[in-house]
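First the structure, in the form of structure tokens, and then the observations on it.
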Amino acid sequence: MRGLFITFEGVEGCGKTTQIERLRQHLEAQGHTVLMTREPGGTPIAEAIRELLLDPAHDALSPAAELLLYEAARAQHVDERIRPALESGTTVLCDRFADSTTAYQGAGRGLPREELEHLHRIATGDVWPDLTIVIDLPVEAGLARARARGRADRMEQQDVAFHERVRQGFLELAARNPERVRIIDGTQSIDEIAAAIRALLAGLLTARA
Ligand code: Z5A
Numbered sequence: 015m016r017g018l019f020i021t022f023e024g025v026e027g028c029g030k031t032t033q034i035e036r037l038r039q040h041l042e043a044q045g046h047t048v049l050m051t052r053e054p055g056g057t058p059i060a061e062a063i064r065e066l067l068l069d070p071a072h073d074a075l076s077p078a079a080e081l082l083l084y085e086a087a088r089a090q091h092v093d094e095r096i097r098p099a100l101e102s103g104t105t106v107l108c109d110r111f112a113d114s115t116t117a118y119q120g121a122g123r124g125l126p127r128e129e130l131e132h133l134h135r136i137a138t139g140d141v142w143p144d145l146t147i148v149i150d151l152p153v154e155a156g157l158a159r160a161r162a163r164g165r166a167d168r169m170e171q172q173d174v175a176f177h178e179r180v181r182q183g184f185l186e187l188a189a190r191n192p193e194r195v196r197i198i199d200g201t202q203s204i205d206e207i208a209a210a211i212r213a214l215l216a217g218l219l220t221a222r223a
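Right, dumping it as structure tokens:
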């Protein structure tokens, strides 16, 4: 059977990476084979594109060039890593995917949704998440966590209003896709969020059985 494809989304510092690691441990303990990966990145070519995108020295990058680079990294990631893993029955846990483009380049930068959807189709082909978890957190809280880590990358350096639009973008996306995209309150403790994610997944696994 094709593997499950689960993506994690939300504003900067919302706790995705922490929760993906928790879920990986939980699923592996149950006998699942799991691939943990991230966007932009996940393959050598896509990681090189990531370097370009997040380098604070590239503040002249145009919105259209930024969009195409995120989609180019995704096309490579899907072809080289995600699709083969899913076809071999592996569960794929991905830190960000096409919904990040809808929120950051769409809601954040103001690029038209229909154009983004067209590019998503080219980049992802037939690969789309079975479940997307948005960890929702007030922007200031997420940015404070990210700042505590040190030097901000090019996307983190965008102003608070940009990150607020991104947060709204994720909430609107969930409202448009209630079956696939589920919101979890990111102000809860790490353990509470992990339990909520496991409950969502249990529902999905039961529905598939
Ligand atoms: N981007 C885009 O614009 N378009 C696209 O198509 C894609 C991405 C795919 C990638 O940056 C940037 O690219 C991102 C979106 C953009 N930019 N922004 N802004 P990234 O991959 O480097 O960064 P990120 O995805 O935003 O993740 P992050 O900053 O690493 O955060 P996180 O993974 O969500 O959080 P975390 O590392 O799990 O936790 C952050 C800290 O909070 C850490 O110290 C934890 O211990 C702590 N934490 C976690 N959970 C909790 C709870 N529940 N309570 C308290 N503290 C917690």
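In this note's numbering, the protein residues as written are 15 to 223.
Even for Gly, the Cβ is constructed at its ideal location relative to N, Cα and C.
1) Tell me where the alpha helix (DSSP H) around ILE211 begins and ends.
2) Please report the distance separating the alpha-carbon of ILE198 from that of ILE149.
3) From the DSSP output, in three-state form, read off THR104 for me.
4) If contact is defined by three or more beta carbon pairs under 8 angstroms, each pair taking one atom from either stretch, is the segment 85-100 in contact with the segment 24-34?
5) Within the same chain, show all residues whose beta-carbon is closer than 7 angstroms to that of ASP73, passing over the 5 residues directly before and after it, in chain order.
6) Over the uninterrupted beta strand (DSSP E) stretch that includes ARG52, give me the two end residues.
7) Considering only C-alpha positions, which residue in the set GLN171, ARG212, LEU75 is nearest to LEU41?
8) Buried or exposed for PRO54, please, with buried defined as at least 16 other CB atoms from any protein chain shown within 10 angstroms of its CB.
9) Assuming contact is defined by CB atoms lying nearer than 7 angstroms, are PRO143 and PHE19 in contact in what I supplied?
10) Hey, quick one: how far does the alpha helix (DSSP H) through PHE184 stretch, first residue to last?
11) Going by C-alpha distance, which of ARG38, GLY17, THR116 is nearest GLN182?
12) With a threshold of 16 other CB atoms inside 10 Å of the CB of ALA60, please say whether the residue is buried or exposed.
13) Can you find the residues in the same chain that come closer than 8 angstroms, C-beta to C-beta, to HIS177, ignoring five residues on each side of it along the sequence?
14) Just tell me which of ASP205, LEU214, ARG95 has its CA closest to the CA of CYS108.
15) Beta-carbon separation of PHE141 and VAL92 under 7 angstroms?
16) Rank TYR118, ARG38, GLU101 by C-alpha distance to the C-alpha of ALA175 and give the top, closest one.
17) Just checking PRO54 against the ligand Z5A - is the residue's beta carbon closer than 6 angstroms to any of the ligand's heavy atoms?
18) Return the first residue and the last residue of the beta strand (DSSP E) that GLU248 is part of.
19) Which residues mark the beginning and the end of the alpha helix (DSSP H) in which THR115 is found?
20) Give the DSSP-derived three-state secondary structure of GLU8 in the structure shown.
According to the structure data:
1) Residues 204-222.
2) Roughly 5 angstroms between the two C-alpha positions.
3) THR104: coil per DSSP, three-state reduction.
4) As far as the Cβ criterion goes, the segment 24-34 does not touch the segment 85-100, which means the pair count is below three.
5) Beyond the five residues adjoining it in sequence on each side, ASP73 comes within less than 7 angstroms, by CB distance, of ARG168 in the same chain, given in chain order.
6) Element bounds for ARG52: 48-52.
7) Of the candidates GLN171, ARG212, LEU75, the one whose C-alpha sits nearest the C-alpha of LEU41 is ARG212.
8) Classification for PRO54: buried.
9) Between PRO143 and PHE19, the gap from beta carbon to beta carbon is short of 7 angstroms.
10) Judged by DSSP secondary structure, PHE184 falls within the alpha helix (DSSP H) whose first and last residues are 174-190.
11) For the options ARG38, GLY17, THR116, the alpha carbon positioned closest to that of GLN182 is the one of THR116.
12) Looking at its Cβ environment, which holds 16 or more other Cβ atoms inside 10 Å, ALA60 is buried.
13) Excluding positions up to five away in sequence, the list reads VAL25, GLU26, GLY122, VAL153, GLY156, LEU157.
14) Taking CYS108 as reference, the option from ASP205, LEU214, ARG95 with the minimal CA-CA separation is ARG95.
15) Note that residue 141 is Val in the sequence shown here, rather than Phe. VAL92 is positioned such that its CB atom lies closer than 7 angstroms to that of VAL141.
16) Among TYR118, ARG38, GLU101, the Cα nearest to that of ALA175 is on TYR118.
17) Yes.
18) For the chain, the structure presents residues 15 to 223; residue 248 sits outside this window and is missing.
19) Note, THR115: alpha helix (DSSP H), 112-115.
20) Because the chain spans 15 through 223 in this model, residue 8 falls outside it and cannot be assessed.
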